[in-house]
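Presented below is the structure to which this report refers.
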Amino acid sequence: MSNTQTPSKIGNVEKELRYISGIIKQKGREILHHYPITAPQFVALQWLMDSGDMTIGELSNKIHLACSTTTDLVDRMEKNQLVERVRDPDDRRVVQIHALHKGKEIIDEVIEKRKDYLHDVLSEVSEEEVETLNNLLNLLHNKMVDADHKTD
Numbered sequence: 003m004s005n006t007q008t009p010s011k012i013g014n015v016e017k018e019l020r021y022i023s024g025i026i027k028q029k030g031r032e033i034l035h036h037y038p039i040t041a042p043q044f045v046a047l048q049w050l051m052d053s054g055d056m057t058i059g060e061l062s063n064k065i066h067l068a069c070s071t072t073t074d075l076v077d078r079m080e081k082n083q084l085v086e087r088v089r090d091p092d093d094r095r096v097v098q099i100h101a102l103h104k105g106k107e108i109i110d111e112v113i114e115k116r117k118d119y120l121h122d123v124l125s126e127v128s129e130e131e132v133e134t135l136n137n138l139l140n141l142l143h144n145k146m147v148d149a150d151h152k153t154d
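First residue of the sequence shown? That's 3 in the numbering used here, and the numbers climb one at a time after it.
Quick look at the structure:
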């Protein structure tokens, strides 16, 4: 399939995605104000829930922070009983970060509120249009993942 999209169309897609991302981030921050968790902690917990336990280095790569910054972040999360450090039984030198029940509860509640917000925004959009939107977003996500894997 040839790429026949004009630069202005692609520019409009980029702009809309940027605006949407900004609005969702802002709404997410508003929701987080009601919880004992910061935005970077939320992102870290989401990765731990989605991908399972990981080392500081692995988590640093996922959340795009320096290892020292991630260590400080995990220290605060551990103090607030959101995560715990667990030594690998096969290699005691390896320490995994594990999300605790309190952290999982917060993520679940915040995600539910974010879904409620999106549901309200899309309340007057037809089910078919929502399905089309979802399909197109999945297509875009998959194309981005494929492109990232080609550059590795």
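Backbone N, C-alpha and C fix where the C-beta goes; we use that ideal spot for every residue, glycine too.
* Which of helix, strand or coil DSSP assigns to R94 -> If DSSP states are grouped into helix, strand and coil, R94 belongs with coil.
* To do: Given a cut-off of 8 Å, decide if V88 and H100 are closer than it, judged by their beta-carbon atoms.
  => Cβ distance < 8 Å, so H100 and V88 count as in contact.
* Answer yes if the segment 127 to 140 comes into contact with the segment 45 to 61, meaning at least three C-beta pairs across the two stretches below 8 Å, and no otherwise. => The segment 45 to 61 makes no contact with the segment 127 to 140: fewer than 3 CB pairs, one atom from each, lie closer than 8 Å.
* Check H100 in the structure and name its three-state DSSP category. => In the three-state scheme derived from DSSP, where H, G and I count as helix and E and B as strand, H100 is classed as strand.
* Nearest to T72 (by Cα), restricted to the options T40, T6 and R95 -> By alpha-carbon distance to T72, the top candidate from T40, T6 and R95 is T40.
* To do: In the DSSP assignment, find the alpha helix (DSSP H) that holds V127 and state where it starts and stops.
  => From DSSP, V127 is part of no alpha helix (DSSP H); its letter is neither H nor E.
* Would the beta-carbon of I109 fall within 8 Å of that of M51? -> Yes, these two residues count as a Cβ contact at 8 Å.
* Asked: What are the boundary residues of the alpha helix (DSSP H) that includes N63?
  -> That run of the alpha helix (DSSP H) goes I58 to I65.
* Hey, how far is the Cα of D93 from the Cα of I33? -> Straight-line Cα distance between these residues: approximately 39 Å.
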